[in-house]
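Mapping of the sequence shown onto this note's numbering: residues 786 to 1525, in sequence order.
The next block holds one structure in the form of structure tokens; read it before the comments.
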Amino acid sequence: MRRFGVSGARVRLLLACVLMLPVMCGAQERADSTRRDSVARPLPGVVVTARRTPGAVSGAPRIVAGMITTGAKSEVVAVSGSTTNIAEKVGRQLFAEVPGVFVYDMDGSGNQVNISARGLDAHRSWEFSVRQNGVVTNSDVYGYPASHYSAPMEAIERVELVRGTAALQYGSQFGGVINYVVRTPDTTRAIAFDSRSSAGGFGLLSTYNAIGGKAGRVTYYAYGSVRRSDGYRANGRSVSDAEYVSASAPLSNALTLRADVARSRYLYRQPGPLTDAMFAVDARSATRSRNYYSPDIIVPSLSLTWTPGAATRATLLASGVFGSRSSVAVGGFATQPDTASASGVYSARQVDIDKYDSRTLELRVLHEVSIAEKPATLSLGVAVSDNDTWRRQRGTGSRGSDYDLTLQPNTTFQRNLHYLTENVAAYAELELRLSPRFCLVPGVRVERGTTRMRGTLAYYDPADTPRDVRHNFPLFGMRGAYKFSGGGEWYGGFSQAYRPMILKDLLPETATERTDTNIRDARGWTMESGVRRTFSGGVSYDVSAFAMRYENRFGLLTLSDPDGTPYTFKTNVGTTRTMGVESRLAIPLGYTGHTSWRAFTAASLMNAKYVGGSFIASGRNVSIAGNEVESAPRWIVRSGVSASGRRADATVQVSHVSRTFADALNTVQASANGATGIVPAYTLVDVHGGVALTRLSRVTAGVSNVFDRQYFTKRPQFYPGPGVWPSDGRSIYLSLALQR
């Protein structure tokens, strides 16, 4: 089932915005006569080479990808040249200097980056608008917003993170936006080559190879990456590959065309959850040997950028997320073993397949204006999206032990549904510079769309299955920034946000479960205020406080029919409030000979609680008001010392995450199956460094989890299965990077 095209009204709206551009440009010419007669002259190219501190964090510039970040808490993480374990995407190392980032290990090292901030859910980073080069990679923002796409970190130049007040420009997510920026080619050469190969513990082997350059008027970059690992746990093998091609060329002095195609896929053999007792005896053990998970995602994009003058920049971006997420598994708790019968026959496995067809057409405009003789920057845009998530689940699969998605003869999927969304969003923000030091950024976003669920559930009355959900939200926000006379800056803001209902929130799991016909999208707001400064001697800090309210959280209640028959009711069950402080500090410690020393710390103190709501316990509804939000650690602290010389550098990092609860009931004692209970605090030590062999070659190496701490980050309540999922113990890695 597939819709073709989008409504005529939405196309007309987008065309109207395009047609308004010449009017806006003309208005700017009248407002700024000093630029009217300026002549553009080509200048000779200049190549600047500098050494940066790999992994260091800085604030984002006021304009990023045509969008305003003034007044928002923002961080830019330098990844290129880092000595961290990027082959396995170790999140605590990548985001070592970003306060408050919670890293969830669930897919085996190197397969996916799962992060959250401010007490939100880290499952596949789905509380963020996840982007690559400004292109959305969330599989389906309205149906299943997980980001299954996963680029190799060797390809990433930097990571841009803007917190929740970015919701008006980037989308509805409470978390904000995280943008992975791919490395750019050396435009002084027709062709250049870049390679990085890694080997490490638990059978890690990976290679990344890229070419890029400038041939005539065309700038291009392409890479291919392959990685395999046996995994820390038994039955935890994974293989992955990723490819990317990008090309851009000027069509005229004012018009540039760019095309990108990115693909990632991996196959992960899932070792299954453990109980606490199993974890204590052998954290590397497995309870499953026949479970597999594999996403295969393609993200194409085509952009046209028009720069008619210094005052205006407009980008028309067409992009999509296409592909699948498939699994074949034997479900159940760790206490339910997957064993063969007396005759040697295993039970049939469950097959689940999602297919994603998400398309977005977005127009972004950045325009310099003058209001009441005050300079200002206007950022506005319109995004039209057309998404189809085709979900087929609970198919009766094979009894074998390999990756096989075929169903048993004469069987079908118990769930076969399309989740169809057409949505249009328009936003506008105005950076008004009231003085050389002070500016305000008011903004608005309007979301309007409809989601239609169509299909069948084998265990449910077909008449009750179809459901239409309307999204109609005006969102408002205000940010500000003030530059102090002695240096430094205050920033702060407020923004509304919402999270649309996704398939998981609407689909009845069993015949005795019902969905509230009046269920609503979750909504709320986020607020922050902070100060940041970088001194001439290299000392830098960023300290901020935040508050967030998340209303209409989704969950379950137990109700009864008039005849007393109980049933489970999916509805909005609670509201949470999160407050906290996030701080980052970097201090140069001086020199010993030709070696510079530097210390850093990134810490967050957070209080996340339910202020209202109920949860099912032992068949009855129990109030959870006052309970802590699950998987929201009170403390996340990462500190380290780095040394950097002429040819070598090294870092020692200590990471601490305090204990969390697995469920909203705040169950303390671990259950026999490991599904609920405390997630204990953990402290980890990592060491990594590198040395330049020649001008074009470099070796990096490190030890992750030096003291072999056995730990886990979360007890998932749904996918990939309730219980304990151990993170990696001590591992080593060695990488060789070559350029020519």
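Built from N, CA and C at the ideal position, the CB exists for glycine as well.
Sufficient close CB pairs (3 or more, under 8 Å) joining the region 1130 to 1150 to the region 1102 to 1114: yes
Check whether residue 1390 and residue 1419 have beta carbons under 8 Å apart: yes
CB of residue 1147 within 8 Å of CB of residue 1102, strictly: yes
Residue from 1186, 1277, 1080 and 1070 whose Cα sits closest to the Cα of residue 1125: 1186
Residue 1410 versus residue 1042: straight-line alpha-carbon distance, rounded: 53 Å
Segment contact flag, the region 967 to 978 with the region 1234 to 1253, C-beta cutoff 8 Å, min 3 pairs: no
The ligand MG heavy atom lying under 7 Å from the CB of residue 1311: With respect to small molecules bound, the structure shown includes none, and the ligand MG cannot be examined in it.
Nearest candidate by alpha-carbon position, reference residue 992, set 986, 1046, 979 and 1000: 979
Exposure of residue 1376, with buried meaning 16 or more beta-carbon neighbours within 10 Å: exposed
Coarse secondary structure for residue 1355, derived from DSSP in three states: strand
Straight-line gap, residue 1361 to residue 1016 (C-alpha atoms, nearest Å): 37 Å
For residue 1002, three-class secondary structure by DSSP: coil
Closest by C-alpha distance to residue 1039, when choosing among 1182, 1078, 1095 and 1214: 1095
Separation of residue 893 from residue 851, as counted between CA atoms: 36 Å
CA nearest to the CA of residue 732, picked from 1499, 1474, 1509 and 1231: Lying outside 786 to 1525, the shown extent of the chain, residue 732 is not represented and no answer is given.
DSSP-derived helix/strand/coil call for residue 830: Bear in mind that the predicted position of residue 830 carries a pLDDT of just 47, short of 50, making it unreliable; the figure below should be weighed with that in mind. Residue 830: coil per DSSP, three-state reduction.
When 1083, 1486, 1374 and 1504 are compared against residue 985, the one with the closest alpha-carbon: 1486
Extent of the continuous beta strand (DSSP E) run through residue 1333: 1325 to 1345
DSSP-derived helix/strand/coil call for residue 823: In this predicted model, residue 823 has a pLDDT of only 36, less than 50, meaning its place in the structure is not dependable; the value taken from the coordinates is given anyway. DSSP places residue 823 in coil when its eight states are reduced to three.
Those runs of the beta strand (DSSP E) which lie wholly inside the region 1113 to 1138 and span at least 3 residues: none
Where residue 1130 falls, given that 16 or more other Cβ within 10 Å makes a residue buried: exposed
Candidates 1295, 1263, 962 and 1394, of which the one nearest residue 949 by Cα: 962
Pair within 8 Å by beta-carbon distance, residue 1338 and residue 1398: yes
Own chain, CB closer than 6 Å to residue 1212, minus 5 neighbours either side, in chain order: 953, 954, 1166 and 1230
Separation of residue 1438 from residue 1469, as counted between CA atoms: 8 Å
Separation of residue 1091 from residue 1209, as counted between CA atoms: 23 Å
Same chain, Cβ closer than 6 Å to residue 1047, five either side skipped, listed in chain order: 1029 and 1084
Beta-carbon proximity list for residue 935, same chain, < 6 Å, skipping 5 on both sides: 897 and 1049
Beta-carbon gap between residue 1423 and residue 877 smaller than 8 Å: yes
Counterpart residues of residue 1263 in DSSP-defined beta bridges: 1227 and 1279
Residue nearest to residue 1035 in terms of C-alpha spacing, selected from 966, 1327, 1026 and 1005: 1005
Span of the alpha helix (DSSP H), counted from its first residue to its last, around residue 893: Premise fails: residue 893 is in no alpha helix (DSSP H) and is neither H nor E.
For residue 908, the three-state DSSP class (helix, strand or coil): helix
Distance CB(residue 860)-CB(residue 1385) smaller than 8 Å: no
Beta-ladder partner(s) of residue 1395, from DSSP: 1361
Terminal residues of the beta strand (DSSP E) in which residue 1173 lies: 1159 to 1181
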